[in-house]
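A.B. asks: Sharing a structure here in structure tokens format.
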Amino acid sequence: MHSTDVSTPPWERIALDLGDALIFIDTEGRIRVWNAMAAALFGFSAEEALGQSVDLIIPAHLREAHWRGFRHAIAAGHTTSREVRTTRGVHKQGRKLYVDMSFAIVCDEEGQALGSAAIARDATERYLAQLAARQQQAG
């Protein structure tokens with residue numbers, strides 16, 4: 416999605432044109448921002464993703480841990496770490512993905528959590544190459 420409307424605020428243009436996937440979910444876990452790179456990475460168009468639970472892209476076996484961590488971060492108003500983490504994701508076609516993600520809790524002026532923003536990048540090829548190299552070394 417490319418933005419050319421001059422009335423679009425700069426932050427919104429950045430979100431639209433960012434070279435990585437940008438996803439924002441509200442405090443209920445509903446997808447509220449989904450840029451073109453999120454659509455390319457996970458295969459769901461904005462029309463398909465917006466308003467849906469983020470479970471849409473989380474493997475079923477990881478959902479309980481995700482929601483436990485999400486609820487804790489929302490209550491605290493921040494994540495425990497700002498480091499990039501490699502995690503699992505699911506493509507629309509059911510393909511398993513490895514995804515590098517960084518997260519931040521977004522709060523209003525009074526410190527109340529509005530939701531969570533994530534920046535994501537496909538790490539599948541790199542992760543599988545590293546796994547194969549480790550397996551080859553282990554012999």
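In this text, residue positions in the sequence shown follow the working numbering: the first is 416, and each later residue adds one.
All C-beta atoms, glycine included, are put in the ideal place defined by N, C-alpha and C.
As the structure is a computational prediction, the values presented were derived from the model and not from experiment.
#1: Looking at the unbroken beta strand (DSSP E) that takes in Asp432, where does it start and where does it end?
#2: Could you tell me how far apart the beta carbons of Leu456 and Val448 are, in whole angstroms, since I believe they sit closer than 8 Å?
#3: Mind the definition here: the stretch 487 to 502 touches the stretch 456 to 472 only if three or more C-beta pairs lie below 8 Å; say whether that holds.
#4: Have a look at Pro474, Ser517 and Gly492 and flag the residue whose alpha-carbon is nearest the alpha-carbon of Val596.
#5: Can you give me the Cβ contacts of Thr423 inside the same chain, cut-off strictly under 7 Å, excluding the 5 residues immediately before and after it?
#6: Assuming Leu471 and Phe485 are in contact, meaning their beta carbons sit under 8 Å apart, how far apart are those beta carbons, in whole angstroms?
#7: Using beta-carbon positions only, say whether Phe439 and Ala532 come within less than 8 Å of one another.
#8: Give me whichever residues DSSP pairs with Asp441 in a beta bridge.
#9: DSSP puts Thr501 in a beta bridge; with which residues?
C.D. replies: To lay it out plainly:
#1: Membership of Asp432 in any beta strand (DSSP E) is not indicated; the residue belongs instead to the alpha helix (DSSP H) covering Pro425 to Asp432.
#2: The Cβ separation is near 14 Å, so there is no contact.
#3: At 8 Å Cβ cutoff, the stretches do not touch.
#4: As shown, the chain starts at 416 and ends at 554. That puts residue 596 outside it, with no answer to give.
#5: Around Thr423: no qualifying Cβ.
#6: Going by Cβ atoms, the distance from Leu471 to Phe485 rounds to 14 Å, so no, they are not a contact pair.
#7: Against a cut-off of 8 Å, the Cβ pair of Ala532 and Phe439 comes out as a contact.
#8: Under DSSP, Asp441 shares a beta bridge with Gly530.
#9: Residue pairing by DSSP places Thr501 opposite Asp515 in a beta bridge.
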